[in-house]
Structure formats: C-alpha cells, structure tokens
Amino acid sequence: MEGILELLDIRLLLLGTTAIMVIVLVVLFIVWGKLNKLRRQYTVMMNGNGNMNIEDALIEIQERTASLDEKTNQALVQVRAFAERLQHMKSHVGIHRYNAFAGSGSDLSFSLAFIDDNRDGIVITGIHNRDETYVYAKPLLRGESTYTLSPEEKEAINQCLQKK
Numbered sequence: 514m515e516g517i518l519e520l521l522d523i524r525l526l527l528l529g530t531t532a533i534m535v536i537v538l539v540v541l542f543i544v545w546g547k548l549n550k551l552r553r554q555y556t557v558m559m560n561g562n563g564n565m566n567i568e569d570a571l572i573e574i575q576e577r578t579a580s581l582d583e584k585t586n587q588a589l590v591q592v593r594a595f596a597e598r599l600q601h602m603k604s605h606v607g608i609h610r611y612n613a614f615a616g617s618g619s620d621l622s623f624s625l626a627f628i629d630d631n632r633d634g635i636v637i638t639g640i641h642n643r644d645e646t647y648v649y650a651k652p653l654l655r656g657e658s659t660y661t662l663s664p665e666e667k668e669a670i671n672q673c674l675q676k677k
C-alpha cells in the first residue's frame with residue numbers, strides 16, 4: 514500500500530511539475546512576443562537604423578524641431594507680408610450701369626469702382642451718348658474723392674462696400 518501511495522505522490526509531483534512547466538512555457542511565449550513587438554517598435558522609432566542609440570535619436574529630433582521652428586517662423590513672416598499686401602489690393606469691385614441721357618438707348622453708361630480694405634482706390638465712369646463715350650477716373654481715399662462724386666459713382670462704391 515505504501516508503494517502505491519509513493520507512486521501516487523511521485524505521479525502527482527510529476528503532474529504538478531509538468532503543469533508548472535507548461536505555465537512557464539506559456540509565459541515565456543507571451544514575453545517573447547512582447548519582446549519582438551518592442552524590437553519592431555524600436556526599429557520603427559530609429560527609422561530602421563539599428564546603430565543609433567536613444568541619445569542620438571533625441572538629439573536628431575531636437576535638431577529637426579529647431580529646423581521646423583525656424584521654417585514656421587519664416588512662413589509666419591511671409592503670411593503676415595501677404596496679409597499686408599492683401600489689405601492694399603483693390604479687391605472689391607462694384608459696377609453700376611445706367612442710361613445717362615433719357616431716350617438715347619439702353620444702359621451703356623457705367624460707373625466702376627475698385628477699392629481695397631481701407632476704401633482707397635479709383636472710380637471709373639463712362640458716359641455714353643449717341644456719338645461718343647467719355648471716360649473719367651477719380652481717385653478715392655477712405656471712400657471719398659477730391660472730385661465731386663455723382664450718385665452713380667457713389668452707388669458703385671456702395672456696391673463695393675456691401676461685398677466686403
């Protein structure tokens with residue numbers, strides 16, 4: 514009987530040892546998979562250059578960041594210059610067509626205004642009669658002119674201001 518108990522104890526001990534070894538093998542495979550994943554991530558982080566260490570990688574990142582900061586500042590200066598130039602562009606246009614002389618045909622006369630954000634620009638007026646067309650240009654400074662503006666010219670300027 515004691516021999517059977519000893520045999521059972523040995524079998525249980527062997528079974529327990531085998532179970533522990535299986536658990537250790539499973540843990541080993543899990544750790545091995547995680548290590549391979551870390552190696553792949555490290556290779557990606559180092560851009561495939563296995564000769565570089567973390568310190569070199571951080572120095573390279575710092576240099577790239579400084580370069581990007583400089584380029585960003587240059588781009589910001591250019592954007593500000595473009596914004597300044599855009600303010601002075603005569604980008605607002607208004608046109609008013611009308612019949613300058615009753616009974617002379619259709620709306621062939623016009624007033625055309627070009628102004629910028631500061632309301633500086635020009636008004637061009639073409640007055641058409643039966644035989645000729647006369648064209649006049651009047652400068653604008655802050656929406657006003659040193660020359661008297663006709664109601665049609667004021668209408669063209671107002672159209673520009675409404676489109677802002």
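At position 72 of the sequence shown (counting the first as 1) the number is 585 in my numbering, and the numbers step up by one without a gap.
We treat Cβ as the ideally placed atom computed from N, Cα and C, and that holds for glycine.
Source: prediction; values computed, not measured.
{"Item": "In this structure, how does DSSP classify T661 when only helix, strand and coil are distinguished?", "Value": "coil"}
{"Item": "Hey, which unbroken runs of the beta strand (DSSP E) at 3 residues or more fall wholly within the stretch 526-583?", "Value": "none"}
{"Item": "Return the CA-CA distance between A613 and D630, expressed in angstroms with no decimal places.", "Value": "30 Å"}
{"Item": "In this structure, does DSSP put K651 in helix, strand or coil?", "Value": "strand"}
{"Item": "Express the C-alpha separation of F595 and L589 in angstroms, rounding to a whole number.", "Value": "10 Å"}
{"Item": "Which whole-angstrom value is the C-beta distance of V681 and F627, which I expect to be below 8 Å?", "Value": "No answer is possible for residue 681: the residues shown for the chain start at 514 and end at 677."}
{"Item": "Just tell me which of E583, L621 and S580 has its CA closest to the CA of G639.", "Value": "L621"}
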